[in-house]
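Residue numbers for the sequence shown follow this note's numbering, so the first one is 138 and each next one is one higher.
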Amino acid sequence: MSVDPKAMRATVRRDRASGKVARYRARTVLSACDLAERHNRHIPGPDQSTMFMGLGELRPALIDPVDGDGDWFFVHEVLDLTGATPEQWHRLHDEEIAEAAEEPPVLPRVDEYTQHSADGGSHQVPVCNWQMAMMLALDGPWGEELMTNAMPALRRALVETGLGDELEAVRLDEDGTVHQTGETLTDVILADGPLPSAEVVREQIRRGPLGALDMDRGQQ
């Protein structure tokens with residue numbers, strides 16, 4: 138069960154005023170509320186978890202208030218689960234911040250809140266949304282298998298969003314010569330057969346590396 142950050146903020150301030158919550162704990166929760174409000178998300182309950190790409194479960198940092206799913210995660214837990222490295226995270230983080238600052242600027246898909254401690258110290262806790270977490274997973278040891286899983290979802294997205302209609306496809310002859318056929322990427326995708334259903338796409342991604350191995354064996 139998730140909590141609206143406005144309600145959480147009111148509760149923490151009341152408990153802090155009555156002495157039920159230590160100041161440093163209250164400051165940490167209020168910083169997390171700031172994070173949730175920036176992204177129009179809710180605060181997760183203490184026992185919530187989300188299965189992530191068949192690799193295991195992640196504690197959500199933030200919850201989508203509409204469908205109740207966790208879609209922001211703690212970066213250190215994503216790294217532990219996916220096998221990606223801190224260096225890969227810092228590169229992805231810096232690229233995302235730079236892209237988000239371009240005109241028109243948008244809210245980046247990476248963020249952080251402040252964790253306060255009883256001794257007066259503090260440190261930043263980085264978080265990222267599910268798209269950034271997926272990109273970290275693709276950089277990890279299971280990246281090739283997870284990319285195999287993601288391809289049906291990418292095909293659906295290109296067709297359903299209309300982006301595939303805007304991209305011109307080219308063909309390669311046997312000698313490597315490139316020539317244009319007038320086809321769009323959508324034409325090429327649909328020529329390979331019907332799009333997988335949304336249910337099939339979700340199941341494939343959910344199963345993670347095991348799902349990719351089944352695809353290699355033709356067991357879709």
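Each residue gets a CB set at the ideal place from its N, CA and C atoms; glycine is no exception.
Contact annotation: the segment 204-218 touches the segment 268-287, with at least three C-beta pairs closer than 8 Å. The Cβ atoms of R308 and L332 lie no closer than 8 Å to each other.
Boundaries of the alpha helix (DSSP H) around V212: 212-219. Of the residues assessed, G191 falls on the buried side of the cut-off, its CB having 16 or more other CB atoms within 10 angstroms. According to the DSSP assignment, N286 belongs to the alpha helix (DSSP H) that extends over 280-297.
Within a 10 Å sphere around the beta-carbon of A270 sit 16 or more other beta-carbons, which makes this residue buried.
When DSSP states are grouped into helix, strand and coil, R343 belongs to the helix group.
By DSSP's assignment, C265 forms a beta bridge with F210, V247. For the pair Q341 and L291, the Cα-to-Cα distance works out to about 12 Å. Comparing alpha-carbon positions, the option among L199, E194, N266, E239 lying closest to W226 turns out to be N266. Nearest Cα to Q185 within the set N177, H176, R178, L195: L195.
The beta carbons of D208 and L199 sit closer together than 8 Å.
The count of Cβ pairs closer than 8 Å, one atom from the segment 282-289 and one from the segment 229-245, stays below three, leaving the stretches out of contact. Counting only unbroken stretches of 4 or more residues, the alpha helix (DSSP H) elements lying wholly within the segment 146-197 are 160-175, in sequence order.
Following the DSSP letters along the chain, one finds V325 inside the alpha helix (DSSP H) bounded by residues 322-328. Here the alpha carbon of S155 sits roughly 20 Å from the alpha carbon of C170.
Between the beta-carbon of L244 and that of H179 there is about 17 Å, and that puts the pair past the 8 Å contact cut. Here P223 has L216 as same chain residues with Cβ atoms under 7 Å from its own Cβ, once five neighbours each way along the sequence are excluded. A straight line joining the alpha-carbon of V337 with that of G330 spans about 15 Å. The DSSP-derived three-state label of V140 is strand.
DSSP places L304 in no alpha helix (DSSP H); its state is neither H nor E.
The shortest C-alpha to C-alpha distance from E320 to any of I326, T314, E305 is the one to E305.
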